[in-house]
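Asks: Heads up: the sequence shown begins at -3 in our numbering, then just goes up one per residue. A virtual CB, placed ideally from N, CA and C, is assigned to each residue, including glycine. This is the structure, below, for whatever I ask next.
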Amino acid sequence: MTGKYVVRTFGCQMNEHDSERISGLLQNDGMEAVDDDSEADVIVLNTCCIRENADNKLYGTLGHLKTWKAAREGRQIVVAGCLSQKDKDGVQKRAPWVDVVMGTHNVHRTAELVRESRVHGPITEIYDEAVNDDHVLFPSALPARRETTYNAWVTIQIGCDNTCAYCIVPAVRGKEISRPLDDIEREVAELAANGVTEVTLLGQNVNSYGRDLSLAERREGADVRPSPRFAELLRRVGAVEGIRRVRYTSPHPKDMRIDVLEAMAQTPAVCEHLHYPLQSGSDRVLSLMHRGYTGARYLERLVDARRLMPDLAVTTDIIVGFPGETEDDFVRTLEVAAAADFDSTYTFIFSPREGTEAATMVESFVDPAVVADRFERLRTVVERSALLKHQARVGRTEEIVVEGPSKRDPSVFTGRTRQNKLVHFSPVSPLRAGTYASVEIVRAAPHFLQGELREVLAEPSHRIRIPVASA
Ligand code: 5AD
Ligand code: SF4
């Protein structure tokens, strides 16, 4: 297939990962990636539906793209991802000029669908689940065109079996399926052989990774305990030669076990960073959310984590204004957040998602003005702790991996510490993305650190010369 394409990604890392596959499939089929919409023949929007403004944004973007499409014969618009999975044929009902609508389990079909719609016109194809003829379709097995050469996303699990009352993810990503450990290890080894030194393991609830695998082995007569295997996975991935950094997202506090924290602490490659979603500090709200832990239990685990990893950075997600949240509930969230002493917090305003339990709790929706006020109060608390955490790093020498020049000022480079902190620094001569270096931290702001380059520790050794790599 000839032509040029653009893939635009909305939402989470899982979508970024899938976009790399969408791009890899189109490129393998003969198409060329471009940055500019004006050059493109195909625009793919890989969508998110976790909050309402994501929906509004998509339909707004599709409005603009109608004009883009009309400007040149043969242009095509593809809508992929979670919003397609949720809205199904509703996407083409609202925007009939869309050529292909494909769901989260149809990524492997990208190139065929673009081709077919060139001949037959608009197509909507949504599979209900990732299992087809007893075969699980893990997008990781597809060819990828990755955006960076030194780090990579690796899916370890798809779907989610939890029932968090606010969350649409289980409806659009299906049931939880773990990818076999050997497969993951093989992919990581291949990535390392191609010069990747940092991997981020992806799943909706990584702590339960492997529970389904052990249950399946037991059903087949193996003498194994049905238990999660995430700790084992961390150790195995951390031992792959050439891998210097392992990250993962996201764990679930209800399933966080000490063996995972021990594996983190004992595996040198696993970074000292834990993204640990709190959602609320109030036990009453946590119970309404079906989160399966209390504020106290959450904090206890955090104490364990910091005892085992004294320099651990902890980040979190908090939802403000869940239906029925009272002032007392919110104050408890402030208290738990202050006690948790987060390095950074993603704060979200509750957004009712049709089809979730929380969306039906209309009579207890919180007044938007009250929610806005709480959002600001929470922001003050979490920004204060973020700044204090950053200030405590001033004067220290930290290892960073270089991301590249900053978009705004090419003389300023950005890098990431093992704690995932963004560091700005100005090297005398440019450094390649993927270089490991040490920097001294000289200044702190709430969302970044400023550093001075001390030493280059390791040059990148990318062996990827052609951008398409079979992952
Ligand atoms: N409203 C607001 N925030 C939400 N999140 C998930 N669903 C919703 C919703 N309906 C937040 C949670 C989750 C993060 C990825 O998005 O905090 O951890
Ligand atoms: Fe959503 Fe809860 Fe599953 Fe996370 S664990 S994806 S918040 S249902």
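1) Is the beta carbon of A227 less than 8 Å from the beta carbon of L270?
2) Would you check whether ligand 1 has a heavy atom nearer than 7 Å to the C-beta of C45?
3) E216 to S113, Cα distance in whole Å?
4) According to DSSP, simplified to helix, strand and coil, what is Y468?
5) For V165, which of I180, A188, G99, E183 has the nearest alpha-carbon?
6) Taking 8 Å as the limit between beta carbons, can you name the residues of its chain near Y55, skipping five residues before and five after?
7) In chain order, which alpha helix (DSSP H) runs of at least 4 residues are fully inside the stretch 59 to 99?
8) Tell me whether D313 sits in a helix, a strand or coil according to DSSP, three-state version.
9) Hey, I39 and R4: beta-carbon distance below 8 Å or not?
10) Grouping DSSP H, G and I as helix and E and B as strand, with all else coil, what is V103?
11) By how many angstroms is the C-alpha of V192 removed from the C-alpha of A36?
12) Can you name, in chain order, every residue of its own chain whose Cβ lies under 6 Å from the Cβ of D179, other than the five neighbours on each side?
13) Do the stretch 166 to 173 and the stretch 141 to 158 meet, that is, are 3 or more Cβ pairs less than 8 Å apart?
14) Going by DSSP, what residue range makes up the beta strand (DSSP E) through Q446?
15) List in chain order the residues whose CB is within less than 6 Å of at least one heavy atom of ligand 4.
16) Suppose the cutoff is 7 Å on Cβ atoms and the five residues either side in sequence are ignored; what does the same chain contact list for R231 look like?
17) Taking Cβ positions, are G277 and T329 nearer each other than 8 Å?
18) How many angstroms separate the CA atom of E296 from the CA atom of C160?
19) Taking H131 as the reference, which of S174, S402, C8 has the closest Cα?
20) Do I315 and F346 have their C-beta atoms within less than 8 Å of each other?
21) Among the residues of its own chain, which have a CB less than 6 Å from the CB of K62, if the five just before and after it don't count?
Replies: Answer, in terms of the structure:
1) no
2) no
3) 43 Å
4) Since the first residue shown for the chain is -3 and the last is 467, residue 468 is missing from the structure and cannot be characterised.
5) G99
6) R90, A91
7) 78 to 83, 86 to 90
8) strand
9) yes
10) helix
11) 30 Å
12) none
13) yes
14) 445 to 454
15) Absence of ligand 4 from the depicted structure is noted, with ligand 1 and ligand 2 being the only ligands included.
16) A259, T263
17) yes
18) 22 Å
19) S174
20) yes
21) W93
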